[in-house]
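*Asks:* Protein chains in written order, with our numbering: chain L, 23 to 172; chain G, 77 to 820.
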Amino acid sequence: MLAFKVNGTAHNLNLEPEMPLLWALRNEVGLTGTKYGCGIGACGACTVLMDGEAVRSCQVPLSRAHGKEIVTIEGLSTDGRSHPVQAAWIAEDVPQCGYCQSGQILAAVSLLKRKPNPSDADISTIGNICRCGTYVRVRRAIKRAAGIKA
Amino acid sequence: MGECKPVRNLASLSRRSFVITGSTLAGAMALGVIVPGAARADAPRLASRYWADDGVDLDEVNAWVVIGPDEAVTLRCPMAEMGQGTGSGLPMLLAEELQCDWSRVNVEFASVNRNLGAGTPYGNMLTVGSMGIRMNWEHVQQAGASARERLIQAAATRWSVPASECEAIQGKVRHKPTARSLTYGVLARDAAKVTLAAEPAIKSPDQFTLAGTRQPRLDSAIKSNGTAKFGIDTREPGQLYASIMSCPIFGGKLVSVDDSAIKGRRGIVKLVKLDDAVAVVADNYWRANEALKALKIVWDGGSNANASSAQFRSEYRKALDGPMLTARNDGDAKTAIANSRNVVEAVYETPLLAHATMEPCNATVHLRDGRLDIWMGSQSALANARMAAQLAGVEPSQVFFHQCYLGGGFGRRSFGDELRHAVMVAKAGDIKVPLQLLWSREQDMRGDRYRPQSAIRLKGALAADGSLTAIHIETACGSIQKSTGQMVGDRVDNTSVEGIGPSVPYNKVPNWYTGVQNKNTHVPVAYWRSVGGSQNCFYMESFIDELAHAAGKDPLAFRRSLTDRADSISVLNKLEEVSDWHTPLPAGRGRGISLVDNHGAIGGHVAEVTVDGKGTVKVDRVFAATDAYHVVNPNLVEAQIEGGVVFGMTAMLYGEVTIKNGAAVENNFNQYRMVTLSDAPDVKAYLANTGGVDQKGNPKWGGVGECSVAPIAAAIANAIFAASGKRIRSLPFKNVKWTELSRL
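This is the structure:
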């Protein structure tokens with residue numbers, strides 16, 4: 023039995039230990055805000071927080087998630103809009119197609135936790151792919167969330 | 077809204093509406109008034125339950141507009157939403173006419189089933205070609221205006237006053253002399269019964285107060301908290317999952333499958349063999365995909381099993397020697413070039429490109445006797461539904477297509493290839509429960525229909541004073557229309573020549589020849605955001621830059637000398653103004669310009685790059701100016717422009733699908749690199765709109781989804797030339813052998 027918490031709720035799942043956390047979240051836990059994009063850890067669409075750190079959940083086997091606290095996009099705020107990063111995302115109208123944005127937001131949350139006043143170079147370390155090319159607004163939203171004047 | 081009850085029947089409204097427009101979408105803008113069972117306490121502006129009710133009740137009103145007693149106004153939008161923002165633009169046009177409370181406007185995707193059953197009141201539902209506003213503005217405005225006048229009349233009748241004494245403001249009708257008012261929600265039922273002597277005229281853009289202003293996207297919140305439902309997020313009771321692999325060699329067939337490795341594996345439901353593909357159905361997608369990877373599959377690649385990119389490249393170059401189909405022939409370019417003492421000639425080439433939408437293509441189907449439900453995000457829901465009906469053996473009216481958000485489209489999500497797979501697997505596998513078929517990233521990238529490969533030979537003749545007297549172009553390009561079966565025989569495929577003959581921003585070149593050879597291989601090709609412009613604007617605008625330098629002219633001034641089109645000049649002027657064009661940059665940096673006419677707008681870029689001695693290029697800034705004539709929401713237009721730069725820049729720097737042994741090599745983002753935050757430039761978007769009316773006297777509306785993709789490759793290449801003296805004539809830039817490339 024694999025046990026981990028997702029957004030504060032305990033889950034005990036009888037699943038293969040090698041199943042990536044991504045597919046447990048999407049297919050077994052029922053949270054679809056975490057997206058599949060590449061399956062090889064290259065795109066970041068599946069980014070979640072594991073014990074507070076951004077991880078690419080397609081590269082985290084359940085054996086490694088065992089005992090951990092996972093936060094997905096659904097758990098970032100109770101109203102789905104008031105977390106400072108979410109609020110900044112909405113204020114800057116970052117999303118276009120929106121598919122990568124759960125991952126972008128959680129990567130930004132993790133960055134801001136480590137670097138509350140990130141430089142442009144710090145922001146550039148987020149390697150998440152956005153095919154729509156929303157990077158100008160991603161950068162602006164991260165600065166807004168950090169309280170940095172653009 | 078399953079509990080809604082219609083209060084008007086379709087027939088009477090359709091007749092009346094027919095009078096309103098007399099256009100192709102006649103009958104489309106009936107004011108449908110429904111009575112929701114309960115007002116939603118916190119109505120999301122763009123609901124995460126997002127498709128309209130299919131209206132199984134035959135008496136139900138077919139409508140674009142719904143006003144509930146809770147004052148919520150809903151626009152039924154025929155366009156898909158893949159990030160381009162039409163779903164936030166069209167409701168602004170509705171609210172503009174309806175004079176309703178903009179904060180109470182919702183959008184839902186119009187029902188495909190209704191569209192099939194009621195004579196396509198929502199049109200073809202094609203979300204392509206940057207046409208969202210251009211295809212729908214008139215119908216949406218008329219729907220709003222007609223609804224507004226009925227609401228006014230309904231209030232006037234209640235008060236027994238002339239309608240002329242009443243006005244519509246912010247979701248209320250107000251009786252001016254007495255200042256009494258009634259809300260739309262209260263009046264809506266009565267309004268639906270109103271017959272007007274004549275339908276009202278719609279506003280022209282100079283009368284707009286909401287449209288044309290910066291407004292937020294309606295879907296930013298649901299796309300920032302995980303609730304927006306993409307096709308891949310479909311979860312129906314009892315749903316199964318399939319992963320599929322099609323023959324990696326396009327056109328090849330399945331020979332055999334050894335499934336001994338997956339026997340007894342947990343969750344595996346079925347192995348399904350198709351003529352050219354194998355699928356595994358399981359209770360969890362990961363299990364299905366892992367099992368698929370464990371199969372030993374034998375394919376017959378057929379006659380294309382040895383084809384390679386090196387071979388194609390040489391064939392495309394050879395094809396430049398003709399024969400050519402004439403796409404444009406103004407004046408006598410051949411003679412002008414023969415007589416010129418200053419002829420510039422160059423050969424350029426570009427590779428196949430994958431769409432690589434962030435959401436890999438997928439479709440969920442539930443095939444039962446006499447009914448097919450589909451959940452997916454599609455750029456062509458109507459045609460996809462018809463195709464699926466035929467494949468499944470049901471009537472089109474028995475198809476219920478639930479449009480979802482699209483995790484990117486870029487032209488990939490029009491064909492329904494993923495839906496075809498889903499229906500075929502469900503049918504062949506006798507799967508009676510909902511089945512989600514999801515292409516792995518590898519399947520998505522190796523089973524794409526790609527941006528065509530092409531090569532081109534350009535010649536230009538300069539007069540003694542440096543003026544351009546002739547352009548002569550020959551191109552060999554994969555024909556999209558041939559590949560998709562839209563072309564029979566061998567004709568000019570306009571998608572191959574847009575941007576190099578038709579659709580150029582210049583109108584003062586006296587002699588112009590463009591010839592094209594439809595040069596297809598076994599690799600399927602298709603529309604890719606900005607279509608022909610994706611390669612042709614790189615060719616054309618790089619070559620114009622070559623000509624400017626050969627003529628000893630400033631590249632911006634040279635372009636200005638080629639056109640007196642107001643839109644082109646407007647963009648050039650804006651670029652000159654905002655980019656600090658005339659201030660030289662320090663050594664190692666360069667500035668490049670380009671100008672295109674692509675899918676509804678003139679787009680111009682000035683890119684600033686830094687190039688080091690090893691040929692490492694950093695794109696520092698991009699100034700992007702656009703003349704899109706009239707736009708609904710500058711905020712969303714700018715977003716399209718910002719993103720288009722990145723999309724085109726990815727192709728310019730990194731984009732290439734190579735073919736080896738008949739199959740695509742690149743199959744994931746580690747091999748098919750994307751621009752990310754670390755190399756994305758600062759993009760400054762500017763509107764240089766000239767407004768105006770078209771030949772019919774209608775306002776000119778722009779299209780902005782693609783006009784910013786097409787210019788960027790040339791702007792960067794021209795900036796690299798300005799910085800280094802080296803001319804990039806073959807893409808992607810990653811393949812350029814910098815030290816071997818000589819300065820011109």
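Just so it is clear, CB atoms sit at the ideal spot from N, CA and C, and this is done for glycine as well.
All values derive from a computational prediction rather than experimental measurement.
Show which residues of chain G have a CB atom less than 7 Å away from the CB atom of L:M41.
*Replies:* W362
*Asks:* Run through DSSP, which three-state label would G:N774 get?
*Replies:* coil
*Asks:* What are the residues that DSSP puts in a beta bridge with G:L330?
*Replies:* G:W375
*Asks:* Pick out the complete alpha helix (DSSP H) segments inside the segment 434-514 of chain G, 4 residues or longer, and give them in chain order.
*Replies:* Qualifying alpha helix (DSSP H) stretches, in chain order: 457-468 and 493-504.
*Asks:* Cα-Cα, which of L:W45, L:I127 and L:I151 is closest to L:R166?
*Replies:* L:I127
*Asks:* I'd like to know whether the C-beta of G:Q721 is nearer than 8 Å to at least one C-beta of chain L.
*Replies:* First, the amino acid is wrong: residue 721 of chain G is Val here, not Gln. Output row for G:V721: interface = yes.
*Asks:* Taking 8 Å as the cut-off, decide whether the C-beta atoms of G:L538 and G:V499 are in contact.
*Replies:* no
*Asks:* Just the chain L side, please: which residues come within less than 8 Å of G:M434 by C-beta, in chain order?
*Replies:* Within 8 Å Cβ-Cβ: K57, G59, C65, A67, C119, Y121, C122, I151, C152, R153 and C154.
*Asks:* Which of helix, strand or coil does DSSP assign to G:S555?
*Replies:* Residue state for G:S555 is assigned as coil, using DSSP reduced to three classes.
*Asks:* Looking at chain G, is there any beta carbon in it that lies within less than 8 Å of the beta carbon of L:Q81?
*Replies:* With 8 Å as the cut-off, L:Q81 does not count as an interface residue toward chain G.
*Asks:* Please confirm if G:T692 has its CB atom under 8 Å from at least one CB of chain L.
*Replies:* no
*Asks:* Starting from G:M321 and walking both ways along the beta strand (DSSP E), at which residues does that stretch end?
*Replies:* L316 to S322
*Asks:* Please state the DSSP three-state secondary structure of G:G131.
*Replies:* With a pLDDT of only 45 at G:G131, under the threshold of 50, the placement of this residue in the model should not be trusted; the figure read from the coordinates follows. Coil at G:G131, not helix or strand.
*Asks:* Have a look at G:Y705 and G:T766 and give me their C-alpha separation to the nearest angstrom.
*Replies:* 5 Å
*Asks:* Taking the C-alpha atoms as reference points, what is the distance between G:L661 and G:A383?
*Replies:* Rounded to the nearest whole angstrom, the CA to CA distance from G:L661 to G:A383 is 46 Å.
*Asks:* Whole angstroms is fine: what's the gap from L:I148's alpha carbon to L:Y157's?
*Replies:* Cα to Cα, L:I148 sits roughly 10 Å from L:Y157.
*Asks:* Would G:P292 pass as an interface residue toward chain L - the criterion being a Cβ-Cβ separation below 8 Å?
*Replies:* yes
*Asks:* Enumerate, from N- to C-terminal direction, the unbroken alpha helix (DSSP H) stretches of 4 or more residues contained entirely within the segment 659-687 of chain G.
*Replies:* none
*Asks:* Taking a cut of 7 Å between CB atoms, which residues from the segment 732-748 of chain G lie near chain L?
*Replies:* N744, F745 and N746
*Asks:* Looking at the C-beta of G:D688, does it have a partner C-beta in chain L at a distance below 8 Å?
*Replies:* no
*Asks:* When you compare the CB of G:F809 with every CB in chain L, is at least one pair closer than 8 Å?
*Replies:* no
*Asks:* What residues from chain L crowd round G:V599, counting only those whose CB sits closer than 8 Å?
*Replies:* Residues of chain L passing the Cβ test: none, with the nearest at roughly 21 Å.
*Asks:* Per DSSP, which residues does G:A358 bridge with? Please list them.
*Replies:* G:Y317 and G:I344
*Asks:* In this structure, how does DSSP classify G:S806 when only helix, strand and coil are distinguished?
*Replies:* strand
*Asks:* Against chain L, with Cβ distances strictly below 8 Å, would G:R125 count as a contact?
*Replies:* Reliability fails at G:R125, whose pLDDT of 37 lies under 50, so the model's placement of it is uncertain and the value that follows must be treated cautiously. So, not an interface residue.
*Asks:* Output the boundary residues of the beta strand (DSSP E) element that contains G:Y424.
*Replies:* Membership of G:Y424 in the beta strand (DSSP E) is indicated by the continuous run N418 to T426.
*Asks:* With a Cβ-Cβ cutoff of 8 Å, do G:A786 and G:G554 count as a contact?
*Replies:* No; because the gap between Cβ atoms is not below 8 Å, this pair is not in contact.
*Asks:* Alpha carbon to alpha carbon, how far is G:P154 from G:I669? Give it in angstroms, no decimals.
*Replies:* 37 Å
*Asks:* Spatial neighbours of G:T100 within its chain, please: CB distance less than 6 Å, with the 5 preceding and 5 following residues excluded, ordered by chain position.
*Replies:* Confidence at G:T100 is low in this model, with a pLDDT of 22, below 50, so the placement of that residue should be treated as unreliable; the coordinate-derived value is given next. Excluding positions up to five away in sequence, the list is empty.
*Asks:* Chain G beta carbons: is any one of them nearer than 8 Å to that of L:I127?
*Replies:* yes
*Asks:* So, for G:P253: in the same chain, excluding its five sequence neighbours on each side, which residues have a beta-carbon less than 7 Å away from its beta-carbon?
*Replies:* E241
*Asks:* Please state the DSSP three-state secondary structure of G:H215.
*Replies:* Of the three classes helix, strand and coil, the one that applies to G:H215 here is helix, per DSSP.
*Asks:* Report all residues from its chain with a CB closer than 6 Å to the CB of G:R462; omit the five preceding and five following residues, and keep chain order.
*Replies:* For G:R462, same chain residues with a beta-carbon under 6 Å away, outside a window of 5 residues either side, are P472 in chain order.
*Asks:* Of all the residues that make up the segment 137-159 of chain G, which are near chain L by a beta-carbon distance shorter than 7 Å?
*Replies:* M158 and G159
*Asks:* Along chain C, which residues have their Cβ under 8 Å away from the Cβ of L:N139?
*Replies:* Here the protein chains are L and G, and chain C is not one of them.
*Asks:* Say whether chain L places a C-beta atom closer than 8 Å to the C-beta of G:G302.
*Replies:* G:G302 belongs to the set of residues whose beta carbon lies under 8 Å from a beta carbon in chain L.
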